[in-house]
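Working notes, structure below.
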Amino acid sequence: MERLQGSPWLLAHRSMLKPNQPRKFSLLDEDYVLWQDPQGRIQALPNACPHMGAMLSEGWCVPQSEGSSAVVCPFHALAFDRAGCTVLPGNKSTKSLLQPLELVIQGDFIWTYGGYEPKIPIPELMNTIAAEYQFIGVTGDLSIPTDILSLLLNMHDYNHQNGTHRELFEIEEVEVKQFIDAGLHSHAYLAQLRKQPMLREILKNPAQLALPKVLEAHLENYFPFMGIMHGDNKLLSLKECHFYLPESAQRSRVFVLMYMQAHAPIAHLLKRNLLKLVNVVVEQDAKILSHIYPNTPQRIKLNNEVGMDWVRRNFEQFPVVAEPNFSR
Ligand code: FES
Ligand SMILES: [Fe+2]
Numbered sequence: 003m004e005r006l007q008g009s010p011w012l013l014a015h016r017s018m019l020k021p022n023q024p025r026k027f028s029l030l031d032e033d034y035v036l037w038q039d040p041q042g043r044i045q046a047l048p049n050a051c052p053h054m055g056a057m058l059s060e061g062w063c064v065p066q067s068e069g070s071s072a073v074v075c076p077f078h079a080l081a082f083d084r085a086g087c088t089v090l091p092g093n094k095s096t097k098s099l100l101q102p103l104e105l106v107i108q109g110d111f112i113w114t115y116g117g118y119e120p121k122i123p124i125p126e127l128m129n130t131i132a133a134e135y136q137f138i139g140v141t142g143d144l145s146i147p148t149d150i151l152s153l154l155l156n157m158h159d160y161n162h163q164n165g166t167h168r169e170l171f172e173i174e175e176v177e178v179k180q181f182i183d184a185g186l187h188s189h190a191y192l193a194q195l196r197k198q199p200m201l202r203e204i205l206k207n208p209a210q211l212a213l214p215k216v217l218e219a220h221l222e223n224y225f226p227f228m229g230i231m232h233g234d235n236k237l238l239s240l241k242e243c244h245f246y247l248p249e250s251a252q253r254s255r256v257f258v259l260m261y262m263q264a265h266a267p268i269a270h271l272l273k274r275n276l277l278k279l280v281n282v283v284v285e286q287d288a289k290i291l292s293h294i295y296p297n298t299p300q301r302i303k304l305n306n307e308v309g310m311d312w313v314r315r316n317f318e319q320f321p322v323v324a325e326p327n328f329s330r
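Okay, structure coming up:
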């Protein structure tokens, strides 16, 4: 898990942390417990209790002074404050036995470098989206038994609609109209020709209505941690923001934050369905990722694999970027 050290990772959106409810997050072979106190401050400690190793994320929170809270171990009920110190009766505390994970909180975004020295910056884009778009929700939050390279290849694979997602989109043809390679940042402009949905499919999932005959997709990618789908049509503008995290060598996580601007009142009715649709898409990706042999040598090359070539180059060279340039 040395390869991608120094990348920022979006660990969570604030809405994923209910006040005073500890939750476990894994990153780069470490487990952490995160919790949000009633004041909205977010804390992160290693998840293993320094007494006998119980998972603090299975515990609960107790109030402390000034509206902060400590996490309580579910095993013998020792409490740990935000600095990782054991809280003793009378609110006395010991020296810290748990080194807090450093977080970079930007509004509702909980970023971290996983304790490593930053090598690339956190992009401004999410702050811009949050300022201009309405947050619809989190979806497709899945931990998948696959390595991060396989996950990233899948997420930048412009050919897998016909297999992995065949029942959903019924894409007949994909064309990468333009790929702009700006090193660890890239843009892909796709034209995807789809069969028109049947009435019965529309009734089953009205979000299908938001999909036109040619799906024009603009994907904006930030290696290795994020990919944004910018979507626009008559009804709404959508920002589908995918985040990727290496939990360990053989486990990776993905989740999607959805934002939109409604251009017609009916767009608001589609929110729930959009979250559901994207959840199905991510589940389909997770399913195929659990059913591939990741180290098979690739002996067939298709068109439109430019996104995957970009992933492979960056994975080999991170955080440096040298030739080749994949722009076209
Ligand atoms: S294992 Fe946590 S208090 Fe004992
Ligand atoms: Fe997919």
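Under my numbering, the first residue of the sequence shown is numbered 3, with each subsequent residue one higher.
Yeah, the Cβ is synthetic: ideal placement off N, Cα and C, and Gly gets one too.
Remember, predicted model here, so these are calculated numbers, not experimental data.
- Relative to the non-hydrogen atoms of ligand 1, the Cβ of M54 comes within a distance shorter than 7 Å of at least one.
- Non-local beta-carbon contacts of L240 in its own chain, meaning distances under 6 Å to residues more than five positions away in sequence, involve G233 and M262 in chain order.
- Rounded to whole angstroms, the gap between the alpha carbons of R315 and V323 is 8 Å.
- T130: member of the alpha helix (DSSP H) spanning L127 to E134, first to last residue.
- By the Cβ test, the region 36-52 is not in contact with the region 253-268, since fewer than three Cβ pairs between them sit closer than 8 Å.
- I44 sits in a strand when the DSSP states are folded into three classes.
- Short of 6 Å from the beta carbon of K121, and not among the five residues preceding or following it, lie these beta carbons of its own chain, in chain order: G8 and P321.
- The three-state secondary structure of P248, taken from DSSP, is strand.
- At least one heavy atom of ligand 2 lies closer than 7 Å to the C-beta of H162.
- Distance from the Cα of P91 is smallest, within the candidate group S98, L279, L100 and A81, for A81.
- As a beta-bridge residue in DSSP terms, K94 pairs with L90.
- Bridge pairing for G233: L240 [DSSP].
- Per the coordinates, the alpha-carbon of L6 lies some 20 Å from the alpha-carbon of I230.
- An exposed status is given to Q23, since fewer than 16 other beta-carbon atoms sit within 10 Å of its beta-carbon.
- According to DSSP, K26 shares a beta bridge with V35.
- Counting along the chain, the unbroken beta strand (DSSP E) around N223 starts and ends at V216 to Y224.
- P65 is bridged by DSSP to S71.
- Not one heavy atom of ligand 2 falls within 7 Å of the beta-carbon of V280.
- In summary, P147 is exposed, with fewer than 16 beta-carbon neighbours lying within 10 Å of its beta-carbon over all protein chains present.
- Here P21 carries a strand assignment [DSSP, helix/strand/coil].
- No residue range can be given for E119, since it is assigned to no alpha helix (DSSP H) and is classified by DSSP as neither H nor E.
- According to the DSSP assignment, I112 belongs to the beta strand (DSSP E) that extends over F111 to T114.
- The nearest non-hydrogen atom of ligand 2 is less than 7 Å from the C-beta of N156.
- The straight-line gap separating the alpha-carbon atoms of V313 and P326 is approximately 12 Å.
- CA-to-CA, the gap between H293 and Q286 works out to about 11 Å.
- Here the region 180-198 does not lie against the region 147-156, with fewer than 3 beta-carbon pairs under 8 Å apart.
- Taking a contact to require three or more Cβ pairs closer than 8 Å, the region 128-142 and the region 271-290 qualify as touching.
- Using a cutoff of 7 Å, the CB of C51 counts as near ligand 1, since one of the ligand's heavy atoms is closer than that.
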